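Quick note: the sequence shown uses our numbering, first residue 480, plus one each step.
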Amino acid sequence: MFCPKCKSEYREGLYQCSDCGVDLVASLPPEPETGVGYVDFVEVFSTYQQSDIAFIKSVLDGEDITYYFEGENSNLMVGGGAYARLLVKAEEAQRTIEILQDMGFLEKN
Ligand SMILES: [Zn+2]
Numbered sequence: 480m481f482c483p484k485c486k487s488e489y490r491e492g493l494y495q496c497s498d499c500g501v502d503l504v505a506s507l508p509p510e511p512e513t514g515v516g517y518v519d520f521v522e523v524f525s526t527y528q529q530s531d532i533a534f535i536k537s538v539l540d541g542e543d544i545t546y547y548f549e550g551e552n553s554n555l556m557v558g559g560g561a562y563a564r565l566l567v568k569a570e571e572a573q574r575t576i577e578i579l580q581d582m583g584f585l586e587k588n
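Below, the structure is given as structure tokens:
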């Protein structure tokens, strides 16, 4: 049994939270989603080449990988191109790295 207010767990046979005075429930409702799909993103690649970014985007879109380029739209111009870091979800990082290796953007180990 659980208190829906303080989330304390009580043994069977009790029906009210001694702290809150509310009726216990058999199970707590699922935790509400925190934030809008918070996930860990990791950097797998970085480039100064705008053409690389466009190409990688088209490939990752086709692979249904969630990604974003950090710094892509910054005004920091280095060597004629913006420095951008490719970030993907941690669980898709390995797959993305393999794709980038196949395309020649990353060295194979
Ligand atoms: Zn309680």
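Glycine included, each C-beta is placed from N, C-alpha and C at the ideal position.
The structure presented is a predicted model; accordingly, all values stated were derived computationally and were not measured.
Within 9 Å, strictly: CB atoms of residue i and residue j
i       : j       : result
Ile-532 : Ala-563 : yes
Val-518 : Thr-575 : no
Met-582 : Phe-548 : no
Candidates the options: closest to residue i by CA position
i       : options                               : result
Phe-481 : Phe-524, Leu-503 and Glu-577          : Leu-503
Gly-500 : Leu-507, Ser-506, Ser-530 and Ser-487 : Ser-487
Phe-566 : Lys-536, Gln-528 and Lys-587          : As written in the sequence, residue 566 is Leu, which differs from the Phe given in the question. Among Lys-536, Gln-528 and Lys-587, the Cα nearest to that of Leu-566 is on Lys-536.
Ala-505 : Ser-525, Ser-497, Phe-520 and Pro-483 : Pro-483
Ile-544 : Gly-550, Gln-573 and Tyr-527          : Gln-573
Any non-hydrogen atom of ligand 2 closer than 8 Å to residue i Cβ
i       : result
Val-501 : Looking for ligand 2 in the displayed structure turns up nothing; the ligands present are ligand 1.
Check: residue i C-beta below 8 Å from any heavy atom of ligand 1
i       : result
Lys-568 : no
Lys-484 : yes
Ser-487 : yes
Asp-519 : no
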